[in-house]
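Have a look at the structure below before the remarks.
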Amino acid sequence: MDSLLGKSFYIKTYGCQMNVYDSEKVAAMLQNEGMVQTEEHQTADVIILNTCHIRDRARHKVYTELGFLKKNKEKRLKDGKCCVIAVGGCVAQAEGGEIFKNAPFVDVVFGTQTYHQLPAMLDQAVQYSYKKSWQRNVLTNRKKEQVINIDFTSENKMDYMPMFRSIDGSEFLAIQEGCNKFCTYCVVPYTRGMEVSRPADLVLKEARAMADAGIKSITLLGQNVNAYRGLAPGAAGPGEETWNFSRLLYAVAEIPGVERIFYTSSHPLNVDLDLMKAHAEIPALIPFVHLPIQSGSNDVLRKMNRKHTAEEYIDIIEKFREYTPHIAFASDFIVGFPGETEKNFEETLALVEKVRFAQAFSFKYSRRPGTAAYNMVDQIDEAVKVERLRILQDLLQQHQIHFNKQSIGQVVPVAFQKHGKFQNQVIGKSKYMQSVVVSNINPAEFLHSIRLIKIKGATLSSLEGVVEQSAQLQSA
Ligand code: SAH
Ligand code: SF4
Ligand code: F3S
1425 MDSLLGKSFY IKTYGCQMNV YDSEKVAAML QNEGMVQTEE HQTADVIILN TCHIRDRARH
1485 KVYTELGFLK KNKEKRLKDG KCCVIAVGGC VAQAEGGEIF KNAPFVDVVF GTQTYHQLPA
1545 MLDQAVQYSY KKSWQRNVLT NRKKEQVINI DFTSENKMDY MPMFRSIDGS EFLAIQEGCN
1605 KFCTYCVVPY TRGMEVSRPA DLVLKEARAM ADAGIKSITL LGQNVNAYRG LAPGAAGPGE
1665 ETWNFSRLLY AVAEIPGVER IFYTSSHPLN VDLDLMKAHA EIPALIPFVH LPIQSGSNDV
1725 LRKMNRKHTA EEYIDIIEKF REYTPHIAFA SDFIVGFPGE TEKNFEETLA LVEKVRFAQA
1785 FSFKYSRRPG TAAYNMVDQI DEAVKVERLR ILQDLLQQHQ IHFNKQSIGQ VVPVAFQKHG
1845 KFQNQVIGKS KYMQSVVVSN INPAEFLHSI RLIKIKGATL SSLEGVVEQS AQLQSA
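The working numbering applies: residue 1425 is where the sequence shown begins, and numbers increase by one.
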């Protein structure tokens, strides 16, 4: 792919951690082709947007950005420079060729399962860009010179992607992708496809590569991470022995250098006794589970097709707590789902009071074309959604602050990953995934290590800590 050699690229990532992970893979792949990553779109020959379709706002952001990029492209072309724009990820998967209609200056559209073909697609687009007709028509409709691939291929993109890991990359490792659950509000089964698990030996190989690069803390990713069912190491193919999620957790925990494991997002239907035992038995597995419920009302849960009740969810939480008394939970909520009554909403508040989450994400229901709930009657007024979200978030935040304040005075292990806003400041994660800020230190001594920190202060969003002088260094 000669035309890519020496060209610069810029990637902007929207949406969830899976997209962050995919973008890292794409960047590694393009670097292997001799391209150079840049942090500024103005200087990039190739601009890539890795997009999210989960709520209307996420989709909207992409088109707003494309508006700016059009101006950027006009300017670069005037200056005689290359400017290929590629849109990939979940909006691309959902809208496909519509993107070319809405934004004719886009050159490449790639889906969530065709990342590994991106270098070839970009190569083609860059070659087109040298043609006179391209220069002339580039801001209008010009089908012949646009490249699209949004197939759900039988090959697994992951098998074609580099295992490249730098210590400055993220701690994410995708083990499973896609979803068969079809919650009635959700686009993920359409944008990511059906559930696929990576073979265990590939997951372990990547985890070892991460540990060897010095990454101590690993976050296992999946749209339904605990639905994992991958081929066991040595298994030849379909029909052979598989590992469940817990089996994989034990194996990842055995890798030298892996000191911390977190996973997200899990689904209540796939929680089993093995997973609860794993939390009690694996020291590296942090006592923090992200377990979305969405609503505390059984009526709403039924209409959402969540396939479990609020009581079953609370049973799961209580059982987890029996096995691991200090375990904490995070969740996701949607308010204003079609037909949600005031009473239904109060049931959500009651569930929140009962469980007391350490952290939560909450959203107003967003109507997504193509999903079952799109056509449901009794869509809720925006003003009601806004008010319910405010009330729910107030309560969740009270609990979160209370949870964070409990850390004050404690000495806790913190995994440091990035620089803070100010010089001589670092930000790490506690074993409950709280952000911990430490100031007036030399960042080089802290980054990529797990250190004992005394917590001095707590707010809704972070903890503030100081180095515990007498505390033993856990790892260099
Ligand atoms: N697989 C995970 C979550 C995937 S999407 C799970 O099942 O729990 C992340 C979150 O976005 C969801 O948990 C849900 O709270 C929210 N979400 C998904 N679709 C939405 C929609 N149409 N409107 C508002 N929020 C939505
Ligand atoms: Fe979406 Fe439901 Fe699947 Fe989660 S389980 S990704 S909310 S369909
Ligand atoms: Fe968004 Fe796709 Fe993730 S829709 S939340 S980027 S799976």
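We put the CB at the ideal spot given by N, CA and C, even for glycine.
Tell me whether Gln1587 is buried or exposed, calling it buried when 16 or more other Cβ atoms sit within 10 Å of its Cβ. Along the sequence shown, one-based indexing puts residue 1587 at 163. Looking at the sequence shown, residue 1587 is not Gln but Met. Burial call: exposed.
Give a yes or no on whether the C-beta atoms belonging to Val1460 and Gly1504 are separated by under 9 Å. For this step, residue 1460 is matched to residue 36 along the sequence shown. For this step, residue 1504 is matched to residue 80 along the sequence shown. No, the Cβ-Cβ distance between Val1460 and Gly1504 is not below 9 Å.
Examine ligand 2 and report whether any of its heavy atoms sits within less than 8 Å of the Cβ of Tyr1789. Looking up residue 1789 in the sequence shown gives position 365. No - ligand 2 has no heavy atom lying nearer than 8 Å to the Cβ of Tyr1789.
Please state the DSSP three-state secondary structure of Lys1880. Within the sequence shown, numbered from 1, the residue matching residue 1880 stands at position 456. Residue state, collapsed to three classes: strand.
Just the Cα atoms here: how many angstroms apart are Gly1760 and Glu1777? The sequence position of residue 1760 within the sequence shown is 336, counting from 1. The sequence position of residue 1777 within the sequence shown is 353, counting from 1. Approximately 19 Å, taken between the alpha carbons.
With respect to the beta strand (DSSP E) encompassing Ser1427, which residues constitute its N-terminal and C-terminal limits? Here residue 1427 is taken as the residue at index 3 of the sequence shown, counted from 1. Element bounds for Ser1427: n/a, residue is neither H nor E.
Jot down the residue ranges of each uninterrupted beta strand (DSSP E) in the segment 1695 to 1725, minimum 3 residues, whole runs only, in chain order. 1712 to 1714
Straight-line gap, Ile1804 to Glu1764 (C-alpha atoms, nearest Å): Numbered from its first residue, the sequence shown carries residue 1804 at position 380. Numbered from its first residue, the sequence shown carries residue 1764 at position 340. Rounded to whole angstroms, Ile1804 to Glu1764 spans 7 Å at the Cα level.
Own chain partners of Phe1870 with C-beta closer than 6 Å, once the 5 adjacent residues on each side are dropped: Taking the sequence shown and counting its residues from 1, the one referred to as residue 1870 is at position 446. Within the same chain, Phe1870 has close Cβ partners Phe1840, Val1850.
Give me, in chain order, the residues of the same chain whose beta-carbon lies closer than 8 Å to that of Asp1575; leave out the 5 immediate sequence neighbours on both sides. Mapped onto the sequence shown, residue 1575 falls at position 151. Correct list, in chain order: Gly1535, Gln1537, Thr1538.
Ligand 1 heavy atom lying under 8 Å from the CB of Arg1903: Past the edges of the chain, shown from 1425 to 1900, lies residue 1903, and the structure says nothing about it.
For ligand 2, which residues count as neighbours when the test is a C-beta closer than 5 Å to any heavy atom? Cys1603, Lys1605, Cys1607, Cys1610, Val1612, Gln1647
So for Lys1842, helix, strand or coil by DSSP? Taking the sequence shown and counting its residues from 1, one reaches residue 1842 at position 418. Looking at Lys1842 - three-state DSSP - the assignment turns out to be strand.
So, does the segment 1640 to 1654 touch the segment 1618 to 1625, judging by three or more C-beta pairs under 8 Å? yes
Please say whether Ile1832 and Val1860 have beta carbons closer to each other than 9 Å? Position 436 of the sequence shown holds residue 1860. Position 408 of the sequence shown holds residue 1832. No, they are not a contact pair.
Please find out if some non-hydrogen atom of ligand 1 comes closer than 8 Å to the beta-carbon of Glu1689. Counted from its first residue, the sequence shown places residue 1689 at position 265. The sequence shown places Ser at residue 1689, not Glu. Ser1689 Cβ: within cutoff of ligand 1.
If you drop the 5 nearest sequence neighbours on each side, which residues of the same chain put their C-beta closer than 8 Å to that of Leu1819? Counting from one through the sequence shown, the residue named residue 1819 turns up at place 395. Around Leu1819: Leu1773, Val1776, Glu1777.
Among Thr1733, Thr1437, Arg1500, Ala1518, which residue has its Cα nearest to the Cα of Gly1794? For this step, residue 1794 is matched to residue 370 along the sequence shown. Among Thr1733, Thr1437, Arg1500, Ala1518, the Cα nearest to that of Gly1794 is on Ala1518.
Residue range of the beta strand (DSSP E) that includes Arg1684: What you label residue 1684 is simply residue 260 of the sequence shown in a count that begins at 1. Unbroken beta strand (DSSP E) run through Arg1684: 1684 to 1688.
Nearest residue (CA-CA) to Arg1792, options Ala1451, Val1486, Tyr1609: Along the sequence shown, read from residue 1 onward, the residue named residue 1792 stands at position 368. Ranking the options by Cα distance to Arg1792, first place goes to Tyr1609.
Work out the CA separation of Ser1854 and Ser1886 for me, nearest whole Å. As a first step, residue 1886 is located in the sequence shown; it is residue number 462 there, counting from the start. As a first step, residue 1854 is located in the sequence shown; it is residue number 430 there, counting from the start. Approximately 10 Å between the Cα atoms of the pair.
For Lys1431, does the three-state DSSP call read helix, strand or coil? On the sequence shown, residue 1431 is found 7 positions in, with the first residue counted as 1. Note: Lys1431 maps to coil in three-state DSSP.
If Val1713 sits next to Phe1753, beta carbons under 8 Å apart, how far is it from one beta carbon to the other, in whole angstroms? Counted from its first residue, the sequence shown places residue 1713 at position 289. Counted from its first residue, the sequence shown places residue 1753 at position 329. That belief holds up - the Cβ atoms of Val1713 and Phe1753 are roughly 5 Å apart, short of 8 Å.
Would the segment 1651 to 1668 count as touching the segment 1596 to 1606 if we require 3 or more Cβ pairs under 8 Å? yes
CA-to-CA distance, Gly1720 to His1477, given in whole angstroms: Taking the sequence shown and counting its residues from 1, one reaches residue 1477 at position 53. Taking the sequence shown and counting its residues from 1, one reaches residue 1720 at position 296. Cα-Cα distance, rounded: 25 Å.
Who are the near neighbours of Leu1897 in its chain, counting only those whose CB is closer than 6 Å to its CB and skipping five residues on each side? On the sequence shown, residue 1897 is found 473 positions in, with the first residue counted as 1. Unreliable positioning characterises Leu1897 in this predicted model, as indicated by a pLDDT of 47, which lies under 50. A coordinate reading is not provided.
For Lys1436, tell me which candidate among Ala1451, Asp1480, Ile1738, Gln1821 has the shortest Cα-Cα distance. Sequence index remark: in the sequence shown, residue 1436 carries index 12 (1-based). The candidate whose alpha carbon is nearest that of Lys1436 is Ala1451.
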